[in-house]
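Report on one structure; see the data block that follows.
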Amino acid sequence: MFEDENQPQESSHLRLRHITAVMFVVALLYVGWIFLSRWQANRDLVAQQARRQALADAREVEAMGGNDLEIQSFYPSPLVIKRGATGQLCYSVSNAKDVRIDPHVDNVWPSLSRCVDVAPKSDTTYTLTATDAAGHSVTQKTTIHVE
């Protein structure tokens with residue numbers, strides 16, 4: 001007699017447990033799907049940003065002379081100086097490992113924009129030589145006139 005009264009109550013508890021377990025699994029799957037979709041979206045965003053950065057870097061490298069050894073500029077400032085005065089030699093090189101100016105000028109190194117002081121006593125032709133890591137070199141000349 002007690003068994004018959006408890007059986008419907010046990011079966012309703014069992015049914016409630018099954019429904020709760022199913023709802024829990026569904027909620028767990030939903031949360032897992034949200035995490036997975038956000039992870040994928042974030043991964044795609046990071047990959048897209050990396051592609052954009054690579055393109056921007058390639059444009060920047062090209063703007064700075066590409067991958068080739070190049071003397072972009074080499075000029076005196078001013079073109080004519082008074083005897084005993086100083087002038088500057090300005091240069092810009094890309095992809096150089098070593099840079100020298102002849103006749104010898106101190107404090108010269110590879111740079112995209114650099115000027116060094118010089119004080120020639122007479123008209124002087126300077127030669128800029130840039131060398132890359134493979135040993136290739138390029139040269140360019142400029143002259144400072146002295147009055």
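Going by our numbering, the first residue of the sequence shown is number 1, and it counts up by one from there. Ideal Cβ placement from N, Cα and C applies to all residues, glycine included.
Determine the contact status of residue i and residue j, defining contact as a CB-CB distance below 8 Å.
i: residue 95; j: residue 69; result: yes
i: residue 114; j: residue 91; result: yes
i: residue 86; j: residue 119; result: yes
i: residue 98; j: residue 131; result: yes
i: residue 150; j: residue 141; result: Since the first and last residues shown for the chain are 1 and 147, residue 150 lies out of range.
i: residue 93; j: residue 100; result: no
i: residue 73; j: residue 88; result: no
i: residue 71; j: residue 138; result: yes
Could you tell me which residues DSSP puts in a beta bridge with residue i?
i: residue 117; result: 88
i: residue 132; result: DSSP output for residue 132 lists no bridge partner at all.
i: residue 98; result: 131
i: residue 82; result: Partner(s): none; residue 82 has no beta bridge.
i: residue 77; result: 88
i: residue 146; result: 81
So, at 7 Å on beta carbons, what are the nonlocal neighbours of residue i in its own chain, with the 5 sequence-adjacent residues on each side left out?
i: residue 145; result: 79, 80 and 123
Between which residues of its own chain and residue i is the CB-CB distance below 8 Å, once the five residues before and five after are set aside?
i: residue 82; result: 146 and 147
i: residue 106; result: 116
i: residue 110; result: 93, 96, 97, 98, 99 and 130
i: residue 102; result: 126, 127 and 129
i: residue 136; result: 69
i: residue 61; result: 67
i: residue 25; result: none
So, for residue i: in the same chain, excluding its five sequence neighbours on each side, which residues have a beta-carbon less than 6 Å away from its beta-carbon?
i: residue 174; result: Residue 174 is absent from the structure shown; the chain starts at 1 and stops at 147.
i: residue 1; result: Per-residue confidence for residue 1 stands at a pLDDT of 46, beneath the threshold of 50, marking its modelled position as unreliable; no derived number is given.
i: residue 15; result: none
Any alpha helix (DSSP H) of 4 or more consecutive residues that is wholly inside the region 2-75: 2-63
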